[in-house]
Amino acid sequence: MSIYFTEDHEWIKVDGDKGTVGISPYAAKQLGDVVYVELPEIGRDMAKGDEAAVVESVKAASEVYSPVGGEVTEVNEKLEDAPETVNASADGDGWFLKMTIADSSELESLMDEAKYKEYCDGL
Amino acid sequence: MKTEGRPTSPVAANSNDVKTVSGSKALEQGTKLIFETGTPRRTGIDFPAAKGRASRLGANNERQGEIGLPGLSEPETMRHYVRLSQKNYAIDLGVYPLGSCTMKHNPRLNEKVARMPGFADVHPLQPVSTVQGALELMYELSDWICKLTGMPAVALTPKAGAHGELCGMMAIRARLDADGQSQRRRVLVPESAHGTNPATAVQCGFTVDEIPASGDGRVNIESLKEKIKSDPNSVAGIMLTNPNTCGLFERDIIEIADLIHAAGGYFYCDGANFNALVGRVRPGDLGVDAMHLNLHKTFSTPHGGGGPGSGPTVLSNALKDHAPVPYVTKTEQGYALVEHKDEVSFGRMCAFHGQMGMYSRALTYMMSHGADGLKQATEDAVLNANYVQASLSDVMSPAFGGICMHEALFDDSFLKDTGVDTLDFAKAMIDEGYHPMTMYFPLVVHGAMLIEPTESESKGELDRFIGSMRHLAERARSGDVESFKQAPVYAPMRRLDETQAARKPVLRWTSPSETAEAAE
Numbered sequence: 023m024s025i026y027f028t029e030d031h032e033w034i035k036v037d038g039d040k041g042t043v044g045i046s047p048y049a050a051k052q053l054g055d056v057v058y059v060e061l062p063e064i065g066r067d068m069a070k071g072d073e074a075a076v077v078e079s080v081k082a083a084s085e086v087y088s089p090v091g092g093e094v095t096e097v098n099e100k101l102e103d104a105p106e107t108v109n110a111s112a113d114g115d116g117w118f119l120k121m122t123i124a125d126s127s128e129l130e131s132l133m134d135e136a137k138y139k140e141y142c143d144g145l
Numbered sequence: 098m099k100t101e102g103r104p105t106s107p108v109a110a111n112s113n114d115v116k117t118v119s120g121s122k123a124l125e126q127g128t129k130l131i132f133e134t135g136t137p138r139r140t141g142i143d144f145p146a147a148k149g150r151a152s153r154l155g156a157n158n159e160r161q162g163e164i165g166l167p168g169l170s171e172p173e174t175m176r177h178y179v180r181l182s183q184k185n186y187a188i189d190l191g192v193y194p195l196g197s198c199t200m201k202h203n204p205r206l207n208e209k210v211a212r213m214p215g216f217a218d219v220h221p222l223q224p225v226s227t228v229q230g231a232l233e234l235m236y237e238l239s240d241w242i243c244k245l246t247g248m249p250a251v252a253l254t255p256k257a258g259a260h261g262e263l264c265g266m267m268a269i270r271a272r273l274d275a276d277g278q279s280q281r282r283r284v285l286v287p288e289s290a291h292g293t294n295p296a297t298a299v300q301c302g303f304t305v306d307e308i309p310a311s312g313d314g315r316v317n318i319e320s321l322k323e324k325i326k327s328d329p330n331s332v333a334g335i336m337l338t339n340p341n342t343c344g345l346f347e348r349d350i351i352e353i354a355d356l357i358h359a360a361g362g363y364f365y366c367d368g369a370n371f372n373a374l375v376g377r378v379r380p381g382d383l384g385v386d387a388m389h390l391n392l393h394k395t396f397s398t399p400h401g402g403g404g405p406g407s408g409p410t411v412l413s414n415a416l417k418d419h420a421p422v423p424y425v426t427k428t429e430q431g432y433a434l435v436e437h438k439d440e441v442s443f444g445r446m447c448a449f450h451g452q453m454g455m456y457s458r459a460l461t462y463m464m465s466h467g468a469d470g471l472k473q474a475t476e477d478a479v480l481n482a483n484y485v486q487a488s489l490s491d492v493m494s495p496a497f498g499g500i501c502m503h504e505a506l507f508d509d510s511f512l513k514d515t516g517v518d519t520l521d522f523a524k525a526m527i528d529e530g531y532h533p534m535t536m537y538f539p540l541v542v543h544g545a546m547l548i549e550p551t552e553s554e555s556k557g558e559l560d561r562f563i564g565s566m567r568h569l570a571e572r573a574r575s576g577d578v579e580s581f582k583q584a585p586v587y588a589p590m591r592r593l594d595e596t597q598a599a600r601k602p603v604l605r606w607t608s609p610s611e612t613a614e615a616a617e
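From first to last, the protein sequence lines stand for chains X and F. Every number in the working numbering is 22 more than the matching position in the first sequence, counting from 1. Every number in the working numbering is 97 more than the matching position in the second sequence, counting from 1.
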């Protein structure tokens, strides 16, 4: 299993053609206390960069973009009642959705963990 | 519990420690909720019981139980609201530096005029022959607005800034549809835009394409060119605020307008910050096709809880035929209202004619200042913001170099490694007796603090404000974190739990008996 990051601070953990998407701990920290998460419908087809979810904190409302194209297969319903999970465990229990990746070559444009860390340090 | 990000949980006692028996602190009276003060068994009005009248509602439609509203005597009611008002902050109390909001003084002359019976007591369905004075005022106001903006037409009716945006975008859509350009549905919006801009575009059936900012806080013109070039035939227009949300003048605005027009789109300018331009720049000269004015910001009508707002929207020659009804015309028989839509007008923004009380206040402000006075107000607003920026630039960190317009934007880099963040800083300002500046907005600047002093403040007031800000900045850097985390200490309520309020909002008061029932 490998993990990739976008410049907009989403991560995707990839296992074959299955992906799990969330926002990075850096993003969760920048947002502050998350108070609301809006998740997509299961079965929705998304292109890379489409708005996949909305995350609202005490500071701001932000879109979460799909790191790659594919179909939503599962959403983390727990976040609707417990949005604080995003702050507590952004890269674990605070995942947003699972998807079937349509074209795994789209992963090539994303950053790996080391590159992403470097990217965040430069911000 | 998480400890990073913006700390919002209470770090100290929730309400201020009060040691008196009454709950009051000298002149500051202890106040409970109105539901806790009154009881349904008390009343301030003594109506005789209705006699000999049968209910026409029918037995099934009558209320069966008690409604549970609190009853209070007249003095109790007065005291309740006066006490609340004394816990509030107002422009009539002190500097109100809330950036992007233009909290300027509301001259009392405006209020006097707005209360004249010929303006205050008219009904929207009165025959027009009986409201000629009110219509003349609307006509005059339209004339002032058109001259100040250099635009040929104005729709007065929109009732707020975002409503004006909707009006402008509906006019653009009507024009595109009339020209057989209905495939144009892409609206370009800079990432620093007011949140209402993309919301308006989507509400109008457009899609939003975000333009990134350049390093100096303005629209990235190269990126704009690429966005247009990628599919020029889908461009409906651009929504741009000038001066923008960073308090900076978009110096490429004419080039931006030309690019959009060349692509076949229209230019919506958000006029929320027109306070920085009145008398100096006419949007009509910049290629603007539509722009709303916030009468409640730029032209000193009350807002921020005192509302209502008013957002007249100016339209260019390309759009003016699509203006909404009603509007005032001048005929040989006097002033008349055009109430019915012809085939090109896109329709109606609201049932009647807009906010009369705001029209009378705004026109009073314009006429009492005169063209030269309005220009000076603009210059003073920009001068004041620059005075604040320059006076704080050595202890705080301006987000962008150079001269700002009507508001000064700081980032939180001056607080780096102090343990104090923007929120703590704002809370400490409350103890100093100031309403905090706008914070964490615009989002393009980290830990943003946006200060708009407006032209209302004298140099003396500004110096006092600057003195407080300098003191706080120096205290933060001296390592005094604890006092910031405790702030506000002197406010009626201490640090409130905003996170919990957003996650689990309590939207309705419940009586102790209801709470007990719910618990059973």
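Each residue gets a CB set at the ideal place from its N, CA and C atoms; glycine is no exception.
Taking the alpha-carbon positions, what's the residue i to residue j distance?
{"i": "residue 183 (chain F)", "j": "residue 436 (chain F)", "result": "44 Å"}
{"i": "residue 447 (chain F)", "j": "residue 304 (chain F)", "result": "25 Å"}
{"i": "residue 288 (chain F)", "j": "residue 309 (chain F)", "result": "6 Å"}
{"i": "residue 263 (chain F)", "j": "residue 313 (chain F)", "result": "29 Å"}
{"i": "residue 134 (chain X)", "j": "residue 92 (chain X)", "result": "20 Å"}
{"i": "residue 307 (chain F)", "j": "residue 588 (chain F)", "result": "41 Å"}
{"i": "residue 559 (chain F)", "j": "residue 434 (chain F)", "result": "46 Å"}
{"i": "residue 607 (chain F)", "j": "residue 135 (chain F)", "result": "14 Å"}
{"i": "residue 604 (chain F)", "j": "residue 195 (chain F)", "result": "26 Å"}
{"i": "residue 440 (chain F)", "j": "residue 344 (chain F)", "result": "40 Å"}
{"i": "residue 132 (chain X)", "j": "residue 525 (chain F)", "result": "42 Å"}
{"i": "residue 180 (chain F)", "j": "residue 130 (chain F)", "result": "11 Å"}
{"i": "residue 226 (chain F)", "j": "residue 445 (chain F)", "result": "23 Å"}
So that I know if they touch, is there some Cβ in chain F lying closer than 8 Å to that of residue i?
{"i": "residue 59 (chain X)", "result": "no"}
{"i": "residue 75 (chain X)", "result": "no"}
{"i": "residue 86 (chain X)", "result": "no"}
{"i": "residue 136 (chain X)", "result": "no"}
{"i": "residue 70 (chain X)", "result": "no"}
{"i": "residue 105 (chain X)", "result": "yes"}
{"i": "residue 81 (chain X)", "result": "yes"}
{"i": "residue 67 (chain X)", "result": "no"}
{"i": "residue 221 (chain X)", "result": "Look at the range of chain X in this structure, 23 to 145, and you will see that residue 221 (chain X) is not part of it."}
Are the CB atoms of residue i and residue j nearer to each other than 8 Å?
{"i": "residue 253 (chain F)", "j": "residue 399 (chain F)", "result": "no"}
{"i": "residue 145 (chain F)", "j": "residue 256 (chain F)", "result": "no"}
{"i": "residue 333 (chain F)", "j": "residue 385 (chain F)", "result": "no"}
{"i": "residue 43 (chain X)", "j": "residue 24 (chain X)", "result": "no"}
{"i": "residue 149 (chain F)", "j": "residue 174 (chain F)", "result": "no"}
{"i": "residue 96 (chain X)", "j": "residue 129 (chain X)", "result": "no"}
{"i": "residue 505 (chain F)", "j": "residue 563 (chain F)", "result": "no"}
{"i": "residue 48 (chain X)", "j": "residue 31 (chain X)", "result": "yes"}
{"i": "residue 291 (chain F)", "j": "residue 338 (chain F)", "result": "yes"}
Determine whether the Cβ of residue i lies closer than 8 Å to any Cβ atom of chain X.
{"i": "residue 540 (chain F)", "result": "yes"}
{"i": "residue 596 (chain F)", "result": "yes"}
{"i": "residue 107 (chain F)", "result": "Confidence in residue 107 (chain F) is poor, its pLDDT being 46 and thus under 50, which makes the residue's placement too unreliable to answer from."}
{"i": "residue 537 (chain F)", "result": "yes"}
{"i": "residue 102 (chain F)", "result": "Confidence at residue 102 (chain F) is low in this model, with a pLDDT of 40, below 50, so its placement is unreliable and the value that follows should be read with caution. Chain X, which has a Cβ nearer than 8 Å to the Cβ of residue 102 (chain F), makes this yes."}
{"i": "residue 592 (chain F)", "result": "no"}
{"i": "residue 296 (chain F)", "result": "no"}
{"i": "residue 599 (chain F)", "result": "yes"}
What residue range does the alpha helix (DSSP H) around residue i cover?
{"i": "residue 393 (chain F)", "result": "392-395"}
{"i": "residue 621 (chain F)", "result": "A query on residue 621 (chain F) cannot be resolved here, the shown segment of chain F reaching from 98 to 617 and no further."}
{"i": "residue 606 (chain F)", "result": "Premise fails: residue 606 (chain F) is in no alpha helix (DSSP H) and is neither H nor E."}
Give a single yes or no on whether residue i has its beta carbon closer than 7 Å to a heavy atom of the ligand FAD.
{"i": "residue 440 (chain F)", "result": "Questions concerning the ligand FAD fall outside what the structure shown contains, since it holds no ligand whatsoever."}
Can you list, in chain order, the residues of its chain whose CB lies under 7 Å from that of residue i, leaving out five sequence neighbours each side?
{"i": "residue 462 (chain F)", "result": "204, 207, 396, 397"}
{"i": "residue 119 (chain F)", "result": "127"}
{"i": "residue 442 (chain F)", "result": "419, 420, 421, 422"}
{"i": "residue 494 (chain F)", "result": "507, 508, 510, 511"}
{"i": "residue 324 (chain F)", "result": "285, 306, 308"}
The beta strand (DSSP E) with residue i in it runs from where to where?
{"i": "residue 287 (chain F)", "result": "283-287"}
{"i": "residue 92 (chain X)", "result": "92-97"}
{"i": "residue 434 (chain F)", "result": "431-435"}
{"i": "residue 174 (chain F)", "result": "Unbroken run through residue 174 (chain F) is the alpha helix (DSSP H), 171-183; no beta strand (DSSP E)."}
{"i": "residue 252 (chain F)", "result": "250-252"}
Please go through the same chain and pick out, in chain order, the residues whose beta-carbon is closer than 8 Å to the beta-carbon of residue i, but skip the five residues on each side of it.
{"i": "residue 138 (chain F)", "result": "168"}
Spatial neighbours of residue i within its chain, please: C-beta separation below 6 Å, excluding the five flanking residues on both sides.
{"i": "residue 536 (chain F)", "result": "519, 523, 546"}
{"i": "residue 72 (chain X)", "result": "88"}
{"i": "residue 104 (chain F)", "result": "Interpretation of residue 104 (chain F) is limited by its pLDDT of 43, a score under 50 that renders its predicted location unreliable; the figure taken from the coordinates is listed afterwards. None."}
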